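Residues 29 to 325 (the working numbering) are what the sequence shown spells out, left to right.
Note that beta-carbon positions come from the ideal geometry of N, C-alpha and C, so glycine has one too.
This structure is a prediction, so every number in the text was calculated from the model and none was measured.
Take a look at the structure set out below.
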Amino acid sequence: MRILSLLLLVLGLWSCSSEQMGDKPSYEGVTADGFKFNIYSSTKSDQITEPGKYIYFTSAVLLDDTMNLQPKSEVIRMLVPTDSALMVTPNPVIDVLSRMVPGDSANVYIELDSIPQAKMQFPNNKFVNNYFIVEDIVDEDQYLDDIAKEKEEAMKMMKESQAKEGEVATTIEDLLGKYKKGELDGSLEKLESGLQIYNIEEGIGEALGNGNAKVHYYGVLESDGSEFDNSFKRGTPFSFNVGAGMVIPGWDEGVAKLKEGSKSLLFIPSELGYGETGSGQAIPPNSNLVFYIEVLK
């Protein structure tokens with residue numbers, strides 16, 4: 029179901045911000061298939077939202093109601109469908125986006141009873157509140173140009189990341205040796221859980237806390253320093269929602285304490301990693317883990 033697929037996409041991109049919706053919407057309405065929505069116009073734009081153009085927007089989802097706007101996802105690009113397409117396959121999110129111009133923000137209320145799969149996941153909630161902020165509206169030529177530039181930049185970053193793999197491996201080997209000799213003891217942040225953090229570079233701003241994070245990582249066994257996984261080899265960073273249980277507990281706790289730009293080692297005891305079961309052949313049961321984490325955002 030298209031509503032559900034977009035809903036789950038946005039749920040996966042949720043992150044925190046202190047921005048807020050305006051107190052009074054500029055426009056209130058109901059979509060063709062009965063979903064309540066509000067549009068808040070913050071700027072005037074001469075750009076026209078019309079079929080065949082691409083709308084660029086950021087988004088977030090909140091369960092039930094709140095006035096706290098919590099973007100931002102990465103920018104999502106969507107082709108504006110024709111009116112006839114909307115009638116054939118109604119989608120409240122696309123319906124509302126098609127009414128907006130750059131600078132507008134909006135929220136759409138979707139009853140969870142209308143989405144059985146989502147209702148099973150959130151049985152105690154009546155609806156989800158989908159937020160959107162329109163960043164830009166472009167024609168097909170601009171869209172294709174943006175995609176090409178994005179791919180070029182991604183390829184450049186991939187090559188740069190892969191080139192750093194050897195350097196990172198050497199750094200981990202050196203610091204793990206010092207850790208085992210006790211030479212890092214005075215510089216370790218030791219948490220009650222047993223997790224220990226060593227900052228190579230501290231980063232800037234506030235600690236990430238819970239929310240979206242994008243990192244590069246390199247993981248080794250504390251026992252012998254053998255590598256079991258790293259994102260540098262693939263050249264692609266890893267994005268996840270800190271605090272959502274998507275990763276091992278040591279990651280949720282440790283990454284939340286890092287800052288953007290941080291380069292740190294997490295010394296993770298087995299109980300905060302894969303515990304008595306381990307993970308495949310690479311991580312035996314009861315293994316303490318060491319992760320080099322580089323926070324990109």
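Query, Result
"What's the gap between the Cα of GLN75 and the Cα of ASN158?", "23 Å"
"Could you give the distance in angstroms between the alpha-carbon of LEU223 and the alpha-carbon of GLN190?", "28 Å"
"Is the Cβ-Cβ distance between GLU255 and ALA176 less than 8 Å?", "no"
"Am I right that LYS154 and LEU140 are in contact with their C-beta atoms under 8 Å? What's the rounded C-beta distance?", "6 Å"
"Can you tell which of ASP252, PHE295, THR264 and ARG262 has the C-alpha that lies nearest to the C-alpha of GLY278?", "PHE295"
"Measure the CB-CB distance between LEU12 and LEU203 and report whether it falls below 8 Å.", "Any answer about residue 12 is impossible in this case: the structure gives the chain only from 29 up to 325."
"Between the C-alpha atoms of GLN309 and VAL248, what's the straight-line distance to the nearest angstrom?", "13 Å"
"Just list the residues that DSSP pairs ARG105 with in beta bridges.", "TYR84"
"Quick one: measure Cβ to Cβ for ILE138 and MET106, integer angstroms, because I've assumed they're closer than 8 Å.", "So it is not a contact: roughly 17 Å between Cβ atoms."
"If distances are taken between C-alpha atoms only, which option among GLU168, GLU181 and LYS242 comes closest to GLY289?", "LYS242"
"Curious, which full-length alpha helix (DSSP H) runs of at least 4 residues does the segment 231 to 268 contain?", "259 to 262"
"Tell me the rounded alpha-carbon separation between GLY231 and LEU286.", "8 Å"
"Over the uninterrupted beta strand (DSSP E) stretch that includes TYR226, give me the two end residues.", "224 to 229"
"Does the contact criterion of 3 or more C-beta pairs under 8 Å hold for the segment 181 to 195 versus the segment 118 to 136?", "no"
"CA-CA distance, SER126 and SER101?", "19 Å"
"Tell whether a beta-carbon distance below 8 Å holds between GLY306 and PRO297.", "no"
"Looking at the unbroken beta strand (DSSP E) that takes in LEU125, where does it start and where does it end?", "Premise fails: LEU125 lies in the alpha helix (DSSP H), 120 to 125, not in any beta strand (DSSP E)."
"Here's the rule: buried if 16 or more other CB atoms are within 10 angstroms of the residue's CB, otherwise exposed. What is ASN152?", "exposed"
"State buried or exposed for LEU300, treating a residue as buried only when at least 16 other CB atoms are found within 10 Å of its CB.", "buried"
"Around the Cβ of ASP123, are there at least 16 other Cβ atoms within 10 angstroms (buried) or fewer (exposed)?", "buried"
"I need the straight-line Cα distance from LEU37 to THR264, nearest angstrom please.", "Bear in mind that the predicted position of LEU37 carries a pLDDT of just 40, short of 50, making it unreliable; the figure below should be weighed with that in mind. Computed Cα separation, rounded: 20 Å."
"Please state whether DSSP places SER215 in a helix, a strand or coil.", "helix"
"Across which residues does DSSP place ASN66 in a beta bridge pair?", "GLU56 and ASN135"
"Report all residues from its chain with a CB closer than 8 Å to the CB of ASN316; omit the five preceding and five following residues, and keep chain order.", "LEU249, GLU250, SER251, PHE295, ILE296, PRO297, SER298 and GLY301"
"Give me whichever residues DSSP pairs with LYS291 in a beta bridge.", "GLU229 and GLU322"
"Provide the residue(s) that pair with LEU317 in DSSP beta bridges, ordered along the chain.", "LEU249 and ILE296"
"Any heavy atom of the ligand MN inside 7 Å of the beta-carbon of GLY282?", "The ligand MN is absent from the structure shown, which contains no ligands of any kind."
"Of the residues GLU304, ALA235 and VAL162, which one's Cα is nearest the Cα of ASN227?", "ALA235"
"Does GLN98 pass the burial test, meaning 16 or more other C-beta atoms within 10 Å, or should it be called exposed?", "Unreliable placement is indicated for GLN98, whose pLDDT of 45 sits below 50; the coordinate value is still reported in the next sentence. GLN98 is buried by the Cβ-count criterion."
"Which residues in the same chain as ILE276 place their Cβ atom closer than 6 Å to its Cβ, once the five residues preceding and following it in sequence are excluded?", "GLY301"
"What does the Cβ neighbour count give for VAL136, buried or exposed, with the cut at 16 atoms within 10 Å?", "buried"
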